[in-house]
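Have a look at the structure below before the remarks.
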């Protein structure tokens with residue numbers, strides 16, 4: 007579906023953007039593949055790796071509505087990956103986080119509608135479900151904006167959906183490269199926030215594949231959640247350094263013991279499919295279907311039981327230490 011189409015990725019110089027571009031160039035022949043971000047050095051470095059004729063590198067910030075209006079011209083598909091994501095940084099710089107994650111989302115929606123973009127997928131996070139920190143709260147607000155944008159569009163051709171998933175193995179700022187740096191520097195222990203802490207676990211490749219597939223599945227208004235395994239943080243540390251001591255350092259402010267992706271309060275409008283969940287809009291669409299029991303690929307889902315919650319603790323699939331070793335080796339290559 008991306009052959010001879012123009013695709014734009016906001017925040018495209020990040021970990022997701024690199025993997026997304028690699029997959030799209032390997033499988034499709036896009037007319038243009040546009041990276042929009044605000045860091046000229048990262049764009050320069052990325053250009054050394056990806057210099058296909060279809061590639062375009064636009065300097066710009068999602069806070070700048072006028073720049074987005076210009077950048078989105080003649081674009082068919084948008085992946086909105088730009089965000090401020092560090093929990094402590096958001097707590098200490100709340101206004102900056104709000105401007106990027108909420109106002110930026112509003113600007114993306116406005117520019118997409120103004121330019122008749124066909125489909126937009128916004129990347130979310132497990133921290134947006136029952137948020138307890140500012141980052142999660144801003145992403146929840148962003149999710150709500152993108153869902154409601156389908157009503158704002160009316161009979162406009164633009165459709166908006168959201169993809170929500172957990173921790174990405176090996177992405178910048180994640181725990182795997184942090185642990186690896188400590189190990190490489192000869193640490194005598196690995197810091198564990200809590201011995202019972204669990205997290206959802208997904209690779210960059212899986213995240214990109216999920217986004218690409220959901221461009222075909224989406225009707226507009228869904229929050230797509232993949233079925234992915236969980237990890238116990240002590241198991242992760244053991245997989246990376248079997249003989250190294252582990253010391254509990256306590257849960258950081260704004261951090262959860264377990265992560266949630268489908269809250270129990272949303273169970274009344276959550277559908278289960280064979281490899282993912284769909285959280286459907288709580289609002290009514292007046293010019294589009296409100297039936298999300300089937301998707302654009304012809305797959306069928308069914309409503310989950312009332313009170314169902316999909317969290318990293320009650321997940322029925324945990325990665326073993328051996329499985330973690332394999333995933334970490336691949337992520338750190």
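Residue numbers (this note's numbering): 7 to 339.
C-beta: ideal position from N, C-alpha, C; glycine also.
On a predicted model such as this, the values are computed, not experimentally measured, just so you know.
*Can you list, in chain order, the stretches of the beta strand (DSSP E) that have 3 or more residues and sit fully within the segment 73 to 130?*
83 to 86 and 125 to 129
*Selected residue, minimal CA-CA separation from residue 7, among 106, 110, 79 and 125*: 125
_Which residue wins for smallest C-alpha separation from residue 180, given the options 205, 297, 195 and 56?_
Taking only the C-alpha atoms, the option nearest residue 180 is 205.
_Nearest-angstrom Cα separation, counted from residue 121 out to residue 62_ = 18 Å
*Report yes if the CB atom of residue 88 is closer than 8 Å to the CB atom of residue 172, and no otherwise.*
no
_Are the CB atoms of residue 66 and residue 74 within a distance shorter than 8 Å?_
Yes.
_Using a Cβ-Cβ cutoff of less than 6 Å, which residues in the same chain neighbour residue 146 once the five nearest sequence positions on both sides are dropped?_
134 and 137
_Endpoints, the beta strand (DSSP E) within which residue 231 is located_ = If you look at residue 231, you'll find it in the beta strand (DSSP E) that goes 229 to 232.
*Hey, how far is the Cα of residue 64 from the Cα of residue 160?*
30 Å
*Between which two residues does the alpha helix (DSSP H) carrying residue 22 extend?*
21 to 33
*Report yes if the CB atom of residue 167 is closer than 8 Å to the CB atom of residue 227, and no otherwise.*
yes
*Return helix, strand or coil for residue 209, following the three-state DSSP convention.*
coil
*asked:* Which same chain residues end up closer than 7 Å to residue 44 when comparing Cβ atoms and leaving out the 5 residues on each side of it in sequence?
replied: 65, 66 and 67
*Taking buried to mean at least 16 other C-beta atoms within 10 Å of its own C-beta, is residue 292 buried or exposed?*
exposed
*Residue range of the beta strand (DSSP E) that residue 167 falls in?*
165 to 169
_Using the three-state DSSP reduction, which class does residue 197 fall into: helix, strand or coil?_
Strand, per DSSP.
*What span of residues does the beta strand (DSSP E) with residue 266 cover, start to end?*
266 to 268
*Give the secondary structure of residue 43 by DSSP, where H, G and I count as helix, E and B as strand, and everything else as coil.*
strand
*Indicate the three-state DSSP secondary structure (helix, strand or coil) for residue 61 in the structure shown.*
strand
*Taking the Cβ atom as the reference point for each residue, do residue 14 and residue 84 lie within a distance shorter than 8 Å?*
yes
*Residues near residue 100 by beta carbon distance below 6 Å, same chain, minus five either side*: 140
*Taking C-beta to C-beta, are residue 82 and residue 123 nearer than 8 Å?*
yes
*Please say whether residue 231 and residue 316 have beta carbons closer to each other than 8 Å?*
yes
_For residue 333, tell me which candidate among 269, 306 and 241 has the shortest Cα-Cα distance._
241
*Could you tell me whether the Cβ atoms of residue 115 and residue 78 are closer together than 8 Å?*
In this structure, residue 78 does not lie closer than 8 Å to residue 115 by Cβ.
*N- and C-terminal bounds of the beta strand (DSSP E) containing residue 148*: No beta strand (DSSP E) contains residue 148, which is instead part of the alpha helix (DSSP H) from 140 to 159.
*To the nearest angstrom, report how far apart residue 96 and residue 38 are at their CA atoms.*
About 33 Å.
_Do residue 258 and residue 326 have their beta-carbon atoms positioned less than 8 Å apart in this structure?_
no
_Within 10 Å of its beta-carbon, does residue 246 have 16 or more other beta-carbons around it, so buried, or fewer, so exposed?_
buried
*asked:* Quick check on this structure: which residue in 187, 275, 282 and 286 has the alpha carbon closest to the alpha carbon of residue 313?
replied: 275
*In the structure shown, what three-state DSSP assignment does residue 175 receive?*
coil
*Could you pull the start and end residues of the beta strand (DSSP E) that residue 187 belongs to?*
Premise fails: residue 187 lies in the alpha helix (DSSP H), 181 to 190, not in any beta strand (DSSP E).
_With distance defined between alpha-carbon atoms, name the residue in 229, 12, 311 and 323 nearest to residue 80._
Considering only alpha carbons, the answer is 12.
*Which term fits residue 131, buried or exposed, when burial requires 16 or more other beta carbons within 10 angstroms of its beta carbon?*
buried
*What residue range is occupied by the uninterrupted alpha helix (DSSP H) comprising residue 135?*
Looking at the DSSP string, residue 135 is not in any alpha helix (DSSP H), and its letter there is neither H nor E.
*Candidates 320, 34 and 150: closest to residue 127 by CA position*: 150
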